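S.K.: In our numbering, the protein residues as written are 1 to 446.
Following this message is one structure expressed as structure tokens.
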Amino acid sequence: MDKNVREIALELLVNIDRNQAYSNIALNGAILEHQVKPIDAGLLTEIVYGTLQYKLTLDFYLKPFLQKRVEDWVQMLLRLSVYQMVYLDKIPEHAILNEAVEIAKKKGHEGIASVVNGVLRNIQRKGLPSIQTVQDDCERLSITTSHPRWITQLWIDQYGYETARQICEMNVLPPVQTARVNAAAATRDVVLRSLEDEGFVVSPHPVLADCIENSRGNIAFSAAHRDGYLTIQDASSMLVADVVNPQDGDVILDACAAPGGKTTHLLERLQGSGKVVALDIHKHKIKLVKKAASRLGFSNLVTKELDARKAAEAFEQGSFDRILVDAPCTGLGVLRRKPDAKYEKSYSDVRRLSVIQEDILTKVAPLVKMGGTLVYSTCTVNREENEEVVSAFLSQNSEFELDHTMVDRIPEQIRSHVNEGMLQVYPQHMNSDGFFIAAFRKKASH
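As structure tokens, then:
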């Protein structure tokens, strides 16, 4: 490793910030490229994700100590240094400071190094400004949990301050890795034992029957994953297959399928009967779905590179027993896993996406059989993309009604979160992603 952990962290953070690179992909790439040892990879991950996660908080702390605007990379170096000073207790402050000054010299010049040194020593001497001095509740929540103000405002307006606070606080905790056992191939107990033998620290999920939680290492690199016994998937998105509820011999359309987590779950439930037709607008993403299905050993999958809004041109009316629309959304439910995403979104995304969501639902609706099921899901926590899209769809499509029996198909512990045939999971409900699911039934006659 020619560069040390903090230099690599700085490079990564600047790249993510400048090029809107995906943090997880950039991080994995850097670990391979610099041959970072496992012990250092943990620290690198912590610094990168932590600095991203708390960006707005760190800027609040830095603001009184910066007389004038500094270059982006210098700001980032200061952020990652303050992150370590505030949130990591194992690293001595003098080491953080010395390293920051060395990096500033190497990447810039003596002048920049002395600015970095001055700012960090000043913080050491004077202490951090208190967020509690911020009077406005929304602003204070925004700074404390590092969510752009428009997001905290949206959640306070829609769900009230207390729920908004809980969502924001969950979002800055490290995410739990969960995986779904391929019930068509093995039992959960067998897979748990196999993972324990490999040194992972795993346990059964407290709510979901075929879900595993992992707290050490990455089970994407396990033998169980390689051999098709499990799929990495968030717990809340596993509820979709319960709601779709595939029956033997069903022909199911997954209208927005990539990367294939839900597609393969539906295949598992079909147990080799019927088929799933998976659509995605991007060719490279269709490849991901095929790869996921073949790793798990399923052949009853048909893929098609197609915009879901054009599905009616490719399939006959009434040709599917069940249709899943896992729609493109703002992803406000997965900010815990993708901390960089919260700074890239804006309220205009909400308006743009809700139009697309409604359009997809309306365009695939004629393809559902009489008496069939249409399921709508998103990984967001936002009424405009969820309940309001459902309401708009129903007002335009009188042959559909909300399927209130969907509550009987999900685990008992979360049934209380179903309202009027719609389920909104907040991150605090299952220590998982925020997620929304609604089920419609096509009336047998109207």
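Cβ atoms here follow ideal geometry from the backbone N, Cα and C, with glycine treated the same way.
No experiment lies behind these values; they were computed from the predicted model shown.
Can the beta-carbon of Ile437 be found less than 7 Å from the beta-carbon of Val243?
M.R.: yes
S.K.: Given this structure, state the Cα-to-Cα distance separating Ala186 from Glu7, to the nearest angstrom.
M.R.: 44 Å
S.K.: For Gln317, I'd like the list of residues in its chain whose CB is within less than 8 Å of its CB, leaving aside the five on either flank, ordered along the chain.
M.R.: Pro366, Leu367
S.K.: Tell me the residue span of the alpha helix (DSSP H) that contains Ser348.
M.R.: 347 to 364
S.K.: What three-state label does DSSP hand Glu102 in the structure shown?
M.R.: The answer is helix: DSSP assigns Glu102 an H, G or I state.
S.K.: Residue ranges of each alpha helix (DSSP H) run of no fewer than 4 residues wholly in the segment 261 to 324, ordered along the chain?
M.R.: 261 to 270, 283 to 296, 311 to 314
S.K.: With DSSP run on the structure shown, which of helix, strand or coil describes Ser146?
M.R.: coil
S.K.: Report the three-state DSSP secondary structure of Pro204 (helix, strand or coil).
M.R.: strand
S.K.: Can you tell me whether Phe60 is buried or exposed? The criterion is at least 16 other CB atoms within 10 Å of its CB, across all chains shown.
M.R.: buried
S.K.: For Val172, collect the residues of the same chain with a Cβ closer than 6 Å to its Cβ; drop the 5 residues on either side in sequence, then sort them by chain order.
M.R.: Gln53, Thr145
S.K.: Report buried or exposed for Phe221, applying the criterion of at least 16 other Cβ atoms within 10 angstroms of its Cβ.
M.R.: So Phe221 counts as exposed.
S.K.: Which same chain residues end up closer than 7 Å to Val14 when comparing Cβ atoms and leaving out the 5 residues on each side of it in sequence?
M.R.: Answer for Val14: Asp72, Trp73, Met76, listed in chain order.
S.K.: Whole angstroms are fine: how far does the CA of Leu10 sit from the CA of Ala30?
M.R.: 11 Å
S.K.: Nearest by alpha-carbon distance to Cys138: which of Gln158, Phe393, Glu196 is it?
M.R.: Gln158
S.K.: If we count Cβ pairs, one from each stretch, closer than 8 Å, do we get three or more for the segment 288 to 298 versus the segment 389 to 399?
M.R.: no
S.K.: Who are Cys329's beta bridge partners in DSSP?
M.R.: Paired residues: none, contrary to the question.
S.K.: Does the distance from the CB of Val389 to the CB of Leu324 come in under 7 Å?
M.R.: no
S.K.: Which same chain residues end up closer than 6 Å to Asn214 when comparing Cβ atoms and leaving out the 5 residues on each side of it in sequence?
M.R.: Gln177, Phe200, Val202
S.K.: Taking all protein chains shown into account, decide if Met1 is buried (16 or more other Cβ within 10 angstroms of its Cβ) or exposed.
M.R.: Because Met1 sits at a pLDDT of 49, beneath the cut-off of 50, its placement in the model cannot be relied upon, and the point is left open.
S.K.: Taking only runs that begin and end inside the segment 360 to 406, name each unbroken alpha helix (DSSP H) of 4 or more residues, in chain order.
M.R.: 387 to 396
S.K.: Return helix, strand or coil for Val418, following the three-state DSSP convention.
M.R.: strand
S.K.: Does DSSP put Gln75 in a helix, in a strand, or in coil?
M.R.: helix
S.K.: Smallest Cα separation from Arg409: which of Gly127, Gln124, Val86, Pro246?
M.R.: That would be Pro246, whose Cα lies nearest to the Cα of Arg409.
S.K.: If we count the other Cβ atoms within 10 Å of its Cβ and call it buried at 16 or more, is Gln35 buried or exposed?
M.R.: Residue environment: Gln35 is assigned as exposed (fewer than 16 neighbouring CB atoms within 10 Å of its CB, all protein chains considered).
S.K.: Which whole runs of the alpha helix (DSSP H) in the segment 7 to 84 are 4 residues long or more, in chain order?
M.R.: 23 to 33, 38 to 53, 55 to 62
S.K.: Indicate the three-state DSSP secondary structure (helix, strand or coil) for Lys90 in the structure shown.
M.R.: coil
S.K.: Tell me the DSSP secondary structure of Asp197 in three-state form.
M.R.: helix
S.K.: In chain order, what residues of the same chain have a beta carbon less than 8 Å from the beta carbon of Thr263, not counting five sequence neighbours either side?
M.R.: Asp254, Ala257, Val276, Ala278, Val289, Ala292, Ala293, Leu301
S.K.: Have a look at Lys369 and Glu399 and give me their C-alpha separation to the nearest angstrom.
M.R.: 11 Å
S.K.: Using DSSP with H/G/I as helix, E/B as strand and the rest coil, what is Leu173?
M.R.: coil
S.K.: Between which residues of its own chain and Ile131 is the CB-CB distance below 8 Å, once the five residues before and five after are set aside?
M.R.: Excluding residues within five positions, the ones whose Cβ falls inside 8 Å are Thr57, Phe60, Arg140, Ile143, Thr144.
S.K.: Give me the Cβ distance between Pro64 and Val207, rounded to the nearest whole Å; I'm assuming they're in contact under 8 Å.
M.R.: Not really, about 45 Å apart at Cβ, beyond 8 Å.
S.K.: Have a look at the DSSP bridge pairing and note the partners of Val181.
M.R.: Paired residues: Leu230.
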